[in-house]
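Participant:
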Amino acid sequence: MRIVWLTLGIVSTAIGIIGLFLPLVPTVPLMLLATFCFARSSDRLHNWIITHPRFGPQVIDWQERRAIAKRAKIAATVSVFAAFGLSLAFRLPVGILAIQGITLLGVLIFIWTRPNS
Numbered sequence: 013m014r015i016v017w018l019t020l021g022i023v024s025t026a027i028g029i030i031g032l033f034l035p036l037v038p039t040v041p042l043m044l045l046a047t048f049c050f051a052r053s054s055d056r057l058h059n060w061i062i063t064h065p066r067f068g069p070q071v072i073d074w075q076e077r078r079a080i081a082k083r084a085k086i087a088a089t090v091s092v093f094a095a096f097g098l099s100l101a102f103r104l105p106v107g108i109l110a111i112q113g114i115t116l117l118g119v120l121i122f123i124w125t126r127p128n129s
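The following block contains the structure:
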C-alpha cells in the first residue's frame with residue numbers, strides 16, 4: 013500500500029508544480045493531497061513539502077488552522093470567474109453552465125468562509 017500512497021503523492025506534486033505555471037490548475041490543494049499521501053509513504057518527501065518555502069507555509073496553515081491566505085482566496089476567485097467566463101465564451105449548454113455555476117459558487121463559499129492565514 014505504501015507504493016500506492018507514494019505514487020499518488022508524486023503525481024499530486026507533479027500536477028501541483030505544473031499549476032504554478034498554468035492558471036487554472038490548483039497548486040495548494042494538490043500539495044495538501046501530496047502531503048497527506050507522503051505522510052503515509054515517505055517521511056523524506058513529507059518533510060520536503062512541509063519545509064518548502066513556497067508550499068510549506070500554506071500547507072501548515074491549512075493543517076493547523078484550516079486557514080487560507082487572502083491572496084490565495086483572491087487568486088482562486090479570479091480563476092473561478094475565468095473558468096466560468098471561458099464556459100460562457102464557448103457557449104456551453106445551459107444545463108452544464110448551471111451545474112458548473114452551482115459547483116463553483118460552492119467552492120467560493122467554502123474558500124471565503126475559511127479564516128485568513
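For the sequence shown, our numbering begins at 13 and goes up steadily by one. The C-beta atom is built at its ideal place from N, Cα and C for all residues, glycine as well.
1. Candidates P35, V40, L34, A51: which alpha carbon is nearest M13's?
2. In whole angstroms, what is the alpha-carbon distance linking R66 and L36?
3. With three or more C-beta pairs closer than 8 Å as the rule, is the segment 45-65 touching the segment 76-88?
4. Which stretch, first to last residue, makes up the alpha helix (DSSP H) that contains P69?
5. Would you tell me roughly how many angstroms separate the C-alpha atoms of A87 and T39, rounded to the nearest one?
6. Note down, one range per segment and in chain order, each alpha helix (DSSP H) of at least 4 residues found wholly within the segment 24-64.
Facilitator: In this structure, then:
1. A51
2. 18 Å
3. Too few Cβ pairs lie closer than 8 Å, so no.
4. 68-77
5. 11 Å
6. 39-51, 55-63
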